[in-house]
Every structure is written in structure tokens, then in C-alpha cells.
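J.: Handing you this structure, nothing more for now.
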Amino acid sequence: MADFTSDGFCLNDNKAGLSQMEGHSKEDIAKILTKNSEGSKFYQNKKQRHQATEQRIAQKKKILEEASPADYNDALRKTDKMLSNLEASRDLSHTIVHVDMDMFYAAVEMRDAPHLKDKPVAVGGNSMLSTSNYVARKFGVRAAQPGFLAKKLCPNLIIVPCNFPKYRAVAAIVRGVFAEYDPNYASASLDEAYLDITEHLKVRADRTEEERTLWRCDCEYWRSLDADWKPSATQETEPTSSENNQETCPECGRVAESIVTGTDAEGAVLELRTKVFRRTALTCSAGIAPNSKLAKICTDRNKPNGQYQLPPNKEAVLEFVKDLPVRKIPGIGATTEETLRALGVQTCSDIHKHRASLALVFSDLSTEYFMRVSLGIGCTTISNDEERKSISNERYALLPSPITV
DNA sequence: ATACATACC
DNA sequence: AACTGGTATGTAT
1 MADFTSDGFC
11 LNDNKAGLSQ
21 MEGHSKEDIA
31 KILTKNSEGS
41 KFYQNKKQRH
51 QATEQRIAQK
61 KKILEEASPA
71 DYNDALRKTD
81 KMLSNLEASR
91 DLSHTIVHVD
101 MDMFYAAVEM
111 RDAPHLKDKP
121 VAVGGNSMLS
131 TSNYVARKFG
141 VRAAQPGFLA
151 KKLCPNLIIV
161 PCNFPKYRAV
171 AAIVRGVFAE
181 YDPNYASASL
191 DEAYLDITEH
201 LKVRADRTEE
211 ERTLWRCDCE
221 YWRSLDADWK
231 PSATQETEPT
241 SSENNQETCP
251 ECGRVAESIV
261 TGTDAEGAVL
271 ELRTKVFRRT
281 ALTCSAGIAP
291 NSKLAKICTD
301 RNKPNGQYQL
311 PPNKEAVLEF
321 VKDLPVRKIP
331 GIGATTEETL
341 RALGVQTCSD
351 IHKHRASLAL
361 VFSDLSTEYF
371 MRVSLGIGCT
381 TISNDEERKS
391 ISNERYALLP
401 SPITV
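Structure follows, in C-alpha cells:
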């Protein structure tokens, strides 16, 4: 049986023969970046903002020093009240999926110019890159990096200009697949979306094996856009033997393999990802979880071209979140991470440990956000833009963020 | 109401 | 030499 998640479609950037461009160590990368950016206006700006952050951290520490035991007690009671309310509202009944195209723009460009496959490639311009492929990443070339710095890291880097009309066209095809699993899917960007597949799974439970069977062969037939290929549809190729899942491809006559995707969430998402690949020749990664915040984090677990499910039970969620660095949480960026670290908080369980302190120095809204994070609670409904506009008082935004000023 | 800060792609 | 541009949301005044 073909394993669609680990076959040759997955990018292999560890090929022998690439040895003349192995990439850089972390230290090399840091050294080159520092050498080329210190003294620049950008660097000065960054330093200034950093100092402002340190000021605010100092203020927070002062508040903590001056707080009385009674203040701590009140703060503790406040957070515990929040925690019990949030725990009571925990909803594990939805299956939320986050899908992310792998290095989207770069993947499209490599697909359409195969000679780029083994080369370090980034998409963007001299002043800013949107994304890079995995060869380039070994050199430290990243999204949101200026092209001229990337060139210092990787002199052989090929920078392809953005072609947004093309990316939009590809995104439209991908979104067509999403809609088959959740007609109300929400796009987070051209290459990312959230789906609630709870309803799909109910329908899927009654689908026959045949309806859940996907085919592929080694020829290029699957590249024809918008086609979900089925070999048995043609009469001249009688099914050879269905027990070893082999058929003959009507295009090239070679043996084609099939996989049967399960009725569960993993099966549905494997099928979704296979359809995306079939229709675009591009891979994507996905996370499956009881809420959107966790689903997004899960996406990174088996990237690229993989998926990961966090089971919908409280124990698994708490275990998942336990040693998770707070920076992994959508909404917690570099600044909030630094502020939290100064307060002794690096992982999500540290949030619980230091909840009284957090409540003393952050707003109620931010404190509640942190409590939600520590419990692994997030948004369990997906609303696209049209819906979001009609709901003026949304209790939980898709990606709530703490503001730590 | 306005300006500023943080975060994401 | 050079570090996007657009959107969303929260905080401070």
C-alpha cells in the first residue's frame, strides 16, 4: 500500500552530492547576520524597542516587589476563578484542522521550474523575502529576511520574484479541496486555513471503502488539475486484483496503487492532503486538534508533508501543553516571550505556576488569555470573514493575542 | 477618538 | 547601502 505521507514526493534536502553547499551552523549564521546588520538603522530601531521592553519589564518587577501578600492572595483567587470558569467551558466536541502549504511560494516556483529543485531558492525581492526552500534554509535563509542579507548567507541563492496572480490561482484550487471538508473554512492567508471537519466526519462515517479509496500511479496523469483520478472508471482496464490494491493506469498502462483512507480525522486529513497534492503537485502539512490554537501548533509537528493529531481529551491536551514553550503559542511573539521569561515563565505550565504574578502585572484580558493558554483552551468554531463581520461581539477571536504594554 | 504597541503572514 | 506592507487587536491618553 502506498504511503502518501512518506513517499518520494517529500523534499529530501540531505542528498549526497549537495556536499559543496552543506549550509551553515547556527553560529555561522548569527555571525554573518550580526556583521551585516549592526550599526544599521534597522538595528538601532530594534535596540531602542528592546530597551523600551526592558523598561516595561522593570516596571512589572517593581509592581511585584511592592505587592503585599494580600495582593498576591487576591490575584491568586482571581486566576483560580478564571481557571475554573474556563475549565467548565472546555469543549472537546469539535475536530478543528489547520492546513499550511509547505513553503508555498517557493514550492510553486520549483514545481514550475524543475531545475530549481536542488538549488537554494527564495521568493521575494532584494529588500524582503516571502519564503525559502529547504536547501536555502540550511544556510539560514528565512521568510521575512531581506534579500541582500540572504545573499550574504548564501551567495548562490536564487531569488525568484513574487508572482501573486499565480499563487492566488493555486490557492483557489487548494481552497476548493478545503470546501469539500468544511464549506465554511476560514483562510488565514493564501497558504493557510482553518477547517471544522466535525460535520464531515459524521457523513464520512457512512462512506464505503470504495468511496474512501485514492489512486496514484507514477506517470504525470495526476498532475491534470481538478481531476481526482480513478483507474477503474475505464472499461478496458478491468480491476486486476483489489485485495493487493493494484490497478492499471489508463494513461501509462503501469501498475497504480491505491490507499484506503480511514473514516477518522486522520483519514479525512490524509485524503484532503492527497487531493491537494493530486490537483496542484504541492504538499501541505496539517494539524488536528479540538481547537484552532492547538491545531496550528500541531501543524508544525510533522512539517513538511505530514500531519499530527492531538486527541480530543483533557489529559492529552494538558500533556501536550505542559512543556510547550510559550513562544509556540499563536499570539505570543518575541516581546511577550521576553516579558514572560523575565517573570520566570518559559513553558505553559510555568504560566500556571506564576499565575498570581501574571495577574498582578497584566490586564484582566491578557491574564485570561494566559489562563486559556495554560489549559490548552482555544476557539472551537471557525468563522470566515463574512461571518466574522456579522458577529460584532465575538467572545474568542480566532487568534486572540495578549497585549503586554 | 487617536496614537502607539504587538503579532501574523 | 539596504530590513515589506497590510490587517487585526489591545492599551494608554
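For the first sequence, the UniProt record's numbering assigns the number 1 to the initial residue and increments by one for each residue that follows.
All C-beta atoms in this analysis are idealised placements derived from N, C-alpha and C, irrespective of residue type, glycine included.
All figures in this text were calculated on a predicted structure; none of them were measured in a lab.
1. Can you grab the Cα-Cα spacing for the pair Glu338 / Gln346, in whole Å?
2. Identify, in the order they occur along the chain, each residue of the same chain with its Cβ nearer than 8 Å to the Cβ of Val326, setting aside the five sequence neighbours on each side.
3. Return the first residue and the last residue of the beta strand (DSSP E) that Asp300 is part of.
4. Is the number of C-beta pairs between the stretch 113-124 and the stretch 172-179 that are closer than 8 Å three or more?
5. In this structure, does DSSP put Val260 in helix, strand or coil?
6. Three Cβ pairs or more, each shorter than 8 Å: is that satisfied between the stretch 196-210 and the stretch 260-277?
7. Measure the C-alpha to C-alpha separation of Asp364 and Asn73 and round it to an integer number of angstroms.
8. Report all residues from its chain with a CB closer than 7 Å to the CB of Ala106; omit the five preceding and five following residues, and keep chain order.
9. Quick check on the burial criterion: 16 or more other C-beta atoms within 10 angstroms. Buried or exposed for Ile197?
10. So what does Thr131 bridge to, in DSSP terms?
11. Return the CA-CA distance between Glu22 and Met103, expressed in angstroms with no decimal places.
12. If you scan the stretch 26-105 from start to end, which runs of the beta strand (DSSP E) of 3 or more residues do you find wholly inside it?
13. Can you look up residue 415 in the DSSP assignment and give me helix, strand or coil?
14. Span of the beta strand (DSSP E) holding Leu214?
15. In whole angstroms, what is the alpha-carbon distance linking Gly125 and Lys314?
16. Could you have a look at Ile351 and say whether DSSP puts it in helix, strand or coil?
17. What do you reckon, are the CB atoms on residue 414 and Tyr167 nearer than 8 Å?
18. Could you give the C-beta distance for Gly267 and Arg212, rounded to a whole number, given that I count them as a contact under 8 Å?
19. Classify Ser89 as buried or exposed, calling it buried when 16 or more other Cβ atoms lie within 10 Å of its own Cβ.
20. Is it buried or exposed for Tyr369, if we count other Cβ within 10 angstroms and need 16 for buried?
21. If I'm right that Gly376 touches Leu318 with Cβ under 8 Å, what's the distance once you round it to whole angstroms?
22. For Asp28 and Leu270, what's the separation of their Cα atoms in angstroms?
23. Taking the beta carbon of Ser84 as the centre, do at least 16 other beta carbons fall within 10 Å, making it buried, or is it exposed?
24. From Pro146, Leu153 and Pro155, pick the residue whose C-alpha is nearest to that of Pro161; which is it?
25. Give the secondary structure of Phe148 by DSSP, where H, G and I count as helix, E and B as strand, and everything else as coil.
26. For Tyr185, count the other beta carbons within 10 Å of its own beta carbon; 16 or more makes it buried, fewer makes it exposed. Which is it?
27. Just to confirm my understanding: we take Leu157, look at its own chain, exclude 5 residues before and 5 after, and list those with CB closer than 7 Å. What are they?
28. So if DSSP puts Cys284 in a beta bridge, which residue, or which two residues, is it bridged to?
29. Please go through the same chain and pick out, in chain order, the residues whose beta-carbon is closer than 6 Å to the beta-carbon of Leu92, but skip the five residues on each side of it.
30. Buried or exposed: where does Gly306 fall if 16 or more other Cβ atoms within 10 Å of its Cβ makes it buried?
31. Since Ala295 and Tyr194 are thought to touch, with beta carbons under 8 Å apart, how far apart are those beta carbons, to the nearest angstrom?
32. Report the option in Ala342, Asn384, Tyr308 and Ser127 whose CA atom is closest to the CA atom of Thr53.
33. Which term fits Phe164, buried or exposed, when burial requires 16 or more other beta carbons within 10 angstroms of its beta carbon?
34. Just to confirm my understanding: we take Phe148, look at its own chain, exclude 5 residues before and 5 after, and list those with CB closer than 7 Å. What are they?
35. With respect to the alpha helix (DSSP H) encompassing Tyr167, which residues constitute its N-terminal and C-terminal limits?
36. Whole angstroms are fine: how far does the CA of Gln59 sit from the CA of Asp71?
T.: Judging by the given coordinates:
1. Counting from one through the first sequence, the residue named residue 338 turns up at place 338. Counting from one through the first sequence, the residue named residue 346 turns up at place 346. Between Glu338 and Gln346, the alpha-carbon positions lie close to 9 Å from each other.
2. The sequence position of residue 326 within the first sequence is 326, counting from 1. Taking Val326 as the centre and dropping the five residues before and after it, the same chain places the C-beta of Ile332, Thr336, Glu337, Leu340, Val345, Gln346, Thr347, Cys348, Asp350, Ile351 and Val373 closer than 8 Å to its C-beta, in chain order.
3. One-based indexing of the first sequence puts residue 300 at position 300. From DSSP, Asp300 is part of no beta strand (DSSP E); its letter is neither H nor E.
4. They do not touch, by the three-pair rule.
5. Taking the first sequence and counting its residues from 1, the one referred to as residue 260 is at position 260. The answer is strand: DSSP assigns Val260 an E or B state.
6. Contact between the stretch 196-210 and the stretch 260-277 is present, with at least three C-beta pairs closer than 8 Å.
7. Here residue 364 refers to the residue found at position 364 when the first sequence is read from its first residue. Here residue 73 refers to the residue found at position 73 when the first sequence is read from its first residue. Cα-Cα distance, rounded: 16 Å.
8. Against the first sequence, residue 106 aligns to sequence position 106. Excluding sequence neighbours, Ala106 sits near Val121, Ala122, Val123, Thr131, Ser132 and Asn133.
9. One-based indexing of the first sequence puts residue 197 at position 197. Label assigned to Ile197: buried.
10. On the first sequence, position 131 is the one that residue 131 refers to. In DSSP, Thr131 forms a bridge with Val123.
11. Counting from one through the first sequence, the residue named residue 22 turns up at place 22. Counting from one through the first sequence, the residue named residue 103 turns up at place 103. Approximately 20 Å between the Cα atoms of the pair.
12. Correct list: 96-101.
13. Outside the shown range of the chain, which is 1 to 405, sits residue 415, and nothing can be said about it.
14. Looking up residue 214 in the first sequence gives position 214. Note, Leu214: beta strand (DSSP E), Thr213 to Arg216.
15. Residue numbering aside, residue 125 sits at position 125 when the first sequence is read from its first letter. Residue numbering aside, residue 314 sits at position 314 when the first sequence is read from its first letter. Using only the alpha carbons, I get a separation of about 45 Å.
16. The residue given as residue 351 occupies position 351 in the first sequence. Here Ile351 sits in helix by DSSP.
17. Coverage of the chain is limited to positions 1 through 405, which leaves residue 414 absent and any answer about it impossible.
18. By one-based count along the first sequence, residue 267 stands at place 267. By one-based count along the first sequence, residue 212 stands at place 212. With 8 Å as the limit, Gly267 and Arg212 qualify as a contact, their Cβ atoms being about 7 Å apart.
19. Position 89 of the first sequence, counted from the first residue, corresponds to residue 89. Around the C-beta of Ser89, fewer than 16 other C-beta atoms lie within 10 Å, and the residue is accordingly described as exposed.
20. The residue labelled residue 369 in the question sits at position 369 within the first sequence. Within a 10 Å sphere around the beta-carbon of Tyr369 sit 16 or more other beta-carbons, which makes this residue buried.
21. Taking the first sequence and counting its residues from 1, the one referred to as residue 376 is at position 376. Taking the first sequence and counting its residues from 1, the one referred to as residue 318 is at position 318. With a Cβ gap of about 6 Å, Gly376 and Leu318 count as contacting.
22. Reading the first sequence from its first residue, position 28 is the one you call residue 28. Reading the first sequence from its first residue, position 270 is the one you call residue 270. In this model, Asp28 and Leu270 are separated by some 38 Å (Cα to Cα).
23. Taking the first sequence and counting its residues from 1, one reaches residue 84 at position 84. By the beta-carbon neighbour count (other beta carbons within 10 angstroms, threshold 16), Ser84 is exposed.
24. Taking the first sequence and counting its residues from 1, the one referred to as residue 161 is at position 161. For Pro161, the nearest C-alpha among the options comes from Pro146.
25. Walking along the first sequence from the start, residue 148 turns up at place 148. Here DSSP, grouped into helix, strand and coil, assigns Phe148 to helix.
26. Counting from 1 along the first sequence, the entry for residue 185 is found at position 185. Buried: at least 16 other Cβ atoms inside 10 Å.
27. As a working mapping, residue 157 is identified with position 157 in the first sequence. So the list reads Pro120, Ala122, Ala136, Val141, Ala150 and Lys151, once near-sequence residues are dropped.
28. Looking up residue 284 in the first sequence gives position 284. Among the bridge pairs identified by DSSP, Cys284 is matched with Met101.
29. Numbered from 1 along the first sequence, position 92 holds the residue referred to as residue 92. These residues qualify, in order along the chain: Pro290 and Pro312.
30. Mapped onto the first sequence, residue 306 falls at position 306. When all chains shown are included, Gly306 counts as buried.
31. Translated into the one-based positions of the first sequence, residue 295 becomes position 295. Translated into the one-based positions of the first sequence, residue 194 becomes position 194. Sure, about 7 Å apart at Cβ, within 8 Å.
32. Here residue 53 refers to the residue found at position 53 when the first sequence is read from its first residue. The option with the nearest alpha carbon to Thr53 is Ala342.
33. Locating residue 164 in the first sequence gives position 164, counting from the first residue. The residue is exposed, with fewer than 16 neighbouring Cβ atoms inside 10 Å.
34. Here residue 148 corresponds to residue number 148 of the first sequence, with the count starting at 1. The residues Asn126, in chain order, have a CB closer than 7 Å to that of Phe148 in the same chain once the five nearest residues on each side in sequence are set aside.
35. Looking up residue 167 in the first sequence gives position 167. Taken as a continuous stretch (DSSP letters only), the alpha helix (DSSP H) holding Tyr167 covers Phe164 to Tyr181.
36. Here the question's residue 71 lines up with position 71 in the first sequence. Here the question's residue 59 lines up with position 59 in the first sequence. Each residue's Cα considered, the two are about 17 Å apart.
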